Structures are given as C-alpha cells and as structure tokens.
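To keep things clear, I will list the structure first and then write my remarks on it.
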Amino acid sequence: MPNRIKLNPRHQKIYSIVCEIPKGCVSTYGDIARFAGYPRCARLVGVALRSAPDDLNIPWHRVINAQGKISFSKGSDKAQIQQQRLEEESVVFMSGVVNLRQYGWAGNIDKDLWQM
DNA sequence: GCACTGACTCCCA
DNA sequence: ATGGGAGCCAGTG
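Just so you know, we're using our numbering here: the first sequence kicks off at 1033 and counts up by one.
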C-alpha cells in the first residue's frame, strides 16, 4: 500500500491491518485494534478509518463492530455501500448481521493464537 | 492544554 | 434476547 501520504503511525498500522483482511472476510474494530497493538483502542480504528483517504483503497467495508453489524446508522449511505460491497464479496448478511463465526477473519486465529 | 465527541466494547438489569 | 450505562483511548475543537 502506498504510504506517500503522511499520517500518524497508528493510523498507518491500522490501515495495514485492514488491508490484510482477505477478501470475503470481515473483522471487528476491537480485533483490528488488538492486531495493531492497541487492545483497548477500538475507537481509534474508527477514527483512523474515518480519516482514511480513498487513495489508499482501504477495504474499510470489511470492518464492522463486535456485534457483526455495521456501525453506521441504519439507512445511512455508508452503511448501504458497506453492506453492498460485502455482499459482492460473498459475505452474507442475515437480518443485517454478519456471521462472524463464519466470515470473521480474526475469528479464525483469535481462539488459538491470541488466547493469552 | 482542557474538554467533548466518537465508524467501540463489555457488563449488568 | 434486549436495552441501558459505564469504561476506554485518541482525535479534534
């Protein structure tokens, strides 16, 4: 990913993590924050993604909250776009909720690798 | 530098 | 299962 844009190291770290999310998978703010090295900074992820320029092509739509839902207000433009993009990646929304057990990227490694 | 806000999360009623 | 409240850390004004 191009890092020509000068941003805070934390943000860049978060961007890197988000970019590592494989297609067809989703992750949560809390998990990404953990991977980035900021266990309690779920909000920071939100701030970072909000500041994320489109130039980087950040797959921010693969980032959802711990409930498996979109953090935006229902009916919000971004929420619509996010869901649509995920569906295009074979991520199925059931009642507006993503099954993290199945699509959760962090979920695959969280149990064994991050169990401490 | 202080105070408020937030694309969050967790716990309890 | 659902709803409400407190905690958390950074960013922004």
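All residues carry an ideal CB built from backbone N, CA and C; glycine is no exception.
Just so it is clear, the structure is predicted and the values come from calculations on it, not from any experiment.
Comparing alpha-carbon positions, which option in the options lies nearest residue i?
i: V1058; options: S1048, P1091 and R1082; result: P1091
i: D1086; options: K1055, V1124 and C1051; result: C1051
i: N1089; options: G1128, I1053, A1065 and I1096; result: I1053
Which whole-angstrom value describes the C-beta separation of residue i and residue j, a residue pair presumed to lie in contact below a C-beta threshold of 8 Å?
i: V1130; j: G1100; result: 4 Å
i: Y1135; j: A1084; result: Actually they are not in contact, since the Cβ atoms of Y1135 and A1084 sit about 21 Å apart, beyond 8 Å.
i: I1102; j: Q1116; result: Between Q1116 and I1102 the Cβ distance is about 11 Å, and since that is not below 8 Å, they are no contact.
If we call anything under 8 Å between Cβ atoms a contact, is residue i one with residue j?
i: V1045; j: G1062; result: As written in the sequence, residue 1045 is Lys, which differs from the Val given in the question. Going by C-beta atoms, K1045 is not nearer than 8 Å to G1062.
i: A1074; j: H1043; result: no
i: L1118; j: H1093; result: yes
i: T1060; j: I1096; result: yes
i: A1111; j: F1104; result: yes
i: G1056; j: S1108; result: no
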